[in-house]
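Everything below concerns the one structure shown next.
Protein chains: 2
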Amino acid sequence: MPKRVDHDERRAEIGRALVRVAGRRGLHAVGMRDVAAEAGISLRLVQYYFQTKENLLFHGLQQLTEGFGERVAARVRAAGENPGPRAVVEALLMTSLPTDEESRAFHLVLTSYALLAVTDEALAAQPYLRRPDAAEDAVTGLLEQAREAELLAPDADTRTEAVALLAMAAGLGTSILAGQRTAESATAVLRHQLNRIFRTSSASSPRPAANSPSPKGTSLSNID
Amino acid sequence: MPKRVDHDERRAEIGRALVRVAGRRGLHAVGMRDVAAEAGISLRLVQYYFQTKENLLFHGLQQLTEGFGERVAARVRAAGENPGPRAVVEALLMTSLPTDEESRAFHLVLTSYALLAVTDEALAAQPYLRRPDAAEDAVTGLLEQAREAELLAPDADTRTEAVALLAMAAGLGTSILAGQRTAESATAVLRHQLNRIFRTSSASSPRPAANSPSPKGTSLSNID
DNA sequence: GTTTTCATGGTACCACCGTATCATCAACGT
DNA sequence: ACGTTGATGATACGGTGGTACCATGAAAAC
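Each protein sequence line maps, in turn, to chains A and B. Note that UniProt numbering has the first sequence beginning at 1, numbered continuously upward. Note that UniProt numbering has the second sequence beginning at 1, numbered continuously upward.
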């Protein structure tokens, strides 16, 4: 069978297997043999593509963060062709909530990594966890935009509100993971806060339909 | 030395050792030998007082949650003799932030437990993690009190605000743990939200300046 | 066609970890 | 006094997990 193999694709597949099994049994309980079995390959191959477990874990983390960026982008795209600042902020926040079963695993593993990084300096040095300030900057910028479009109270403290929103989303996310709250109630709480910050000039009730057909082009920023 | 020994005190001491070492190296990296060394006793004794590691972990979790309750109580006590609802809420929220080095370990380990409980049903069945709704009820009740004392907007959604506050505190706490935010900026964000919710008894103008509007003088300037 | 290189399988090694076993020593009851 | 019981030490055992080593089939290079 030794036809030339795409190493990157192979590594990505193994990384997905890692995330899957970690989502089920917890990141702490994942061994290389488990990953191999989940990916349907032999232990030797996991070693072959990632020499060490540390390497595998790093790669898994990288995939997760990249996946998060893609999820945000997809949600923003789904918010319409020219989404207003609120729609973008909402997309960003909602993405950080574990709603369906797949994103539940996603967030569980990502949170596990973050917690590991607190005491594992090798993980903390990985750049993929090193810039969550990017999200803060992005949300702050979006709130600024909204203020200039007179969608916010003129004296709103955008940076503080951005931090508060992100922290709230993170906290709600772990609440959902822990089974203390449903995804629906969490989104309701989040939307309540958004409704407070954004003085909705038109529809105020939680209508998830088309909102804010803003003429101003809000260019999507990088966002992680 | 075989004079009768207070088992409970011994177990508590070992539990404290567990939390200490877990705070340094992470809960996942803690073994019974580490706990024994940290407590200055032999491995055999850790086995003697806790038969199994699972038992030790359960006990450690119990100690942590009990410690949390005591911390809240101490902070409320420090808030004055007859603290208003806001002072109590603030004490509760501030307690859930890792400020000094000791509480940092405290929250790191507690968060690790919570995350473990997601995939470990034996841990999830432990009653000490089973009642975080209690905090939600407490804060909601306090907000109700405040509303009746006309410290809140009469149409405030107390339960939603309570959930939001608790989620925000949790999220800010993990941010501090991850080194993404200082404890000072986190407390500032939290106070900003409290200032928003608790408005002065006269007007609804948001005062970002000093707080303590209560007639009883609910100024708690404790905090480390 | 031979050689080299890539991909893969199988398995052994080593260290660590939780647990169990055996042994000892000091107090306390009667 | 002496046996019983509680507290402690030392060490062994079984399992598991990451890593390493050897082998081999199958293309690609020459």
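C-beta: ideal position from N, C-alpha, C; glycine also.
Residue-level contact to chain A via CB, residue i, 8 Å cutoff
i: residue 107/B; result: no
i: residue 94/B; result: no
i: residue 204/B; result: For residue 204/B, the predicted model reports a pLDDT of 42, less than 50, meaning its position is unreliable; a value from the coordinates is still stated below. Chain A contact via Cβ: absent.
i: residue 62/B; result: no
i: residue 35/B; result: no
i: residue 133/B; result: yes
i: residue 32/B; result: no
i: residue 157/B; result: yes
i: residue 189/B; result: yes
i: residue 47/B; result: no
i: residue 139/B; result: no
Within-8 Å CB hit, residue i to chain B
i: residue 73/A; result: no
i: residue 26/A; result: yes
i: residue 89/A; result: no
i: residue 222/A; result: At residue 222/A the pLDDT is 45, less than 50, meaning the model places this residue with poor confidence and gives no usable figure here.
i: residue 192/A; result: yes
i: residue 145/A; result: no
i: residue 180/A; result: yes
i: residue 208/A; result: Residue confidence is low: residue 208/A scores 46 on pLDDT, short of 50, so the model does not pin down where it sits. Its coordinate-derived value is still stated next. By this cut-off, residue 208/A is not an interface position.
For residue i, the residue or residues it bridges with in DSSP
i: residue 152/A; result: 198/A
Residue i beta carbon near the ligand ATP (any heavy atom closer than 7 Å)
i: residue 43/A; result: For the ligand ATP, the structure offers nothing, since it holds no ligand at all.
Open item on the list: Quick test of the definition: if touching needs 3 or more C-beta pairs under 8 Å, does the stretch 48 to 58 of chain A touch the stretch 124 to 142 of chain B?
Closed with: Three or more Cβ pairs closer than 8 Å define a contact, and the stretch 48 to 58 of chain A falls short of that threshold against the stretch 124 to 142 of chain B.
Task: Residue ranges of each alpha helix (DSSP H) within the stretch 111 to 135 of chain B, 4 or longer - done: Segments of the alpha helix (DSSP H) lying fully in the stretch 111 to 135 of chain B: 121 to 124.
Open item on the list: Report the start-end ranges of each alpha helix (DSSP H) in the stretch 35 to 62 of chain B that is 4 residues or longer and not cut off at the edges.
Closed with: Runs found: 43 to 49.
TODO: Please list the residues of the stretch 107 to 129 of chain B that have a C-beta atom closer than 8 Å to any C-beta atom in chain A, keeping them in chain order.
DONE: Cβ contacts with chain A: 108, 111, 112, 114, 115, 116, 117, 118, 119, 120, 124 and 129.
Task: Three or more C-beta pairs below 8 Å linking the stretch 34 to 46 of chain A and the stretch 81 to 89 of chain A - done: The stretch 34 to 46 of chain A vs the stretch 81 to 89 of chain A: no contact.
- [ ] Output, in sequence order along the chain, the residues in the stretch 161 to 178 of chain A whose CB is closer than 9 Å to any CB in chain B.
- [x] Listed by position, the residues of the stretch 161 to 178 of chain A near chain B (Cβ gap below 9 Å) are 161, 163, 164, 165, 166, 167, 168, 169, 170, 171, 172, 173, 174, 175, 177 and 178.
TODO: Would you be able to state if there are at least three C-beta pairs under 8 Å between the stretch 167 to 187 of chain A and the stretch 54 to 73 of chain A?
DONE: As far as the Cβ criterion goes, the stretch 54 to 73 of chain A does not touch the stretch 167 to 187 of chain A, which means the pair count is below three.
TODO: Would you check if the stretch 119 to 129 of chain B and the stretch 93 to 103 of chain B touch, i.e. whether three or more CB-CB distances between them fall below 8 Å?
DONE: The stretch 93 to 103 of chain B makes no contact with the stretch 119 to 129 of chain B; the number of CB pairs closer than 8 Å stays below 3.
TODO: Would you check if there are 3 or more beta carbon pairs closer than 8 Å linking the stretch 159 to 168 of chain B to the stretch 111 to 119 of chain B?
DONE: Under the three-pair Cβ rule at 8 Å, the stretch 159 to 168 of chain B does not count as touching the stretch 111 to 119 of chain B.
Open item on the list: Would you call the stretch 147 to 163 of chain A in contact with the stretch 191 to 199 of chain A, where contact means no fewer than 3 C-beta pairs closer than 8 Å?
Closed with: The stretch 147 to 163 of chain A, when compared against the stretch 191 to 199 of chain A, does touch it at the 8 Å Cβ threshold.
- [ ] Ignoring anything shorter than 4 residues or poking outside the stretch 86 to 113 of chain B, list the alpha helix (DSSP H) runs there in chain order.
- [x] For the stretch 86 to 113 of chain B, there is no continuous alpha helix (DSSP H) assignment of 4+ residues that stays within its boundaries.
Open item on the list: Contact between the stretch 8 to 19 of chain B and the stretch 2 to 17 of chain A is defined here as three or more beta-carbon pairs at a separation below 8 Å; is this criterion met?
Closed with: Output reads no: the stretch 2 to 17 of chain A does not touch the stretch 8 to 19 of chain B.
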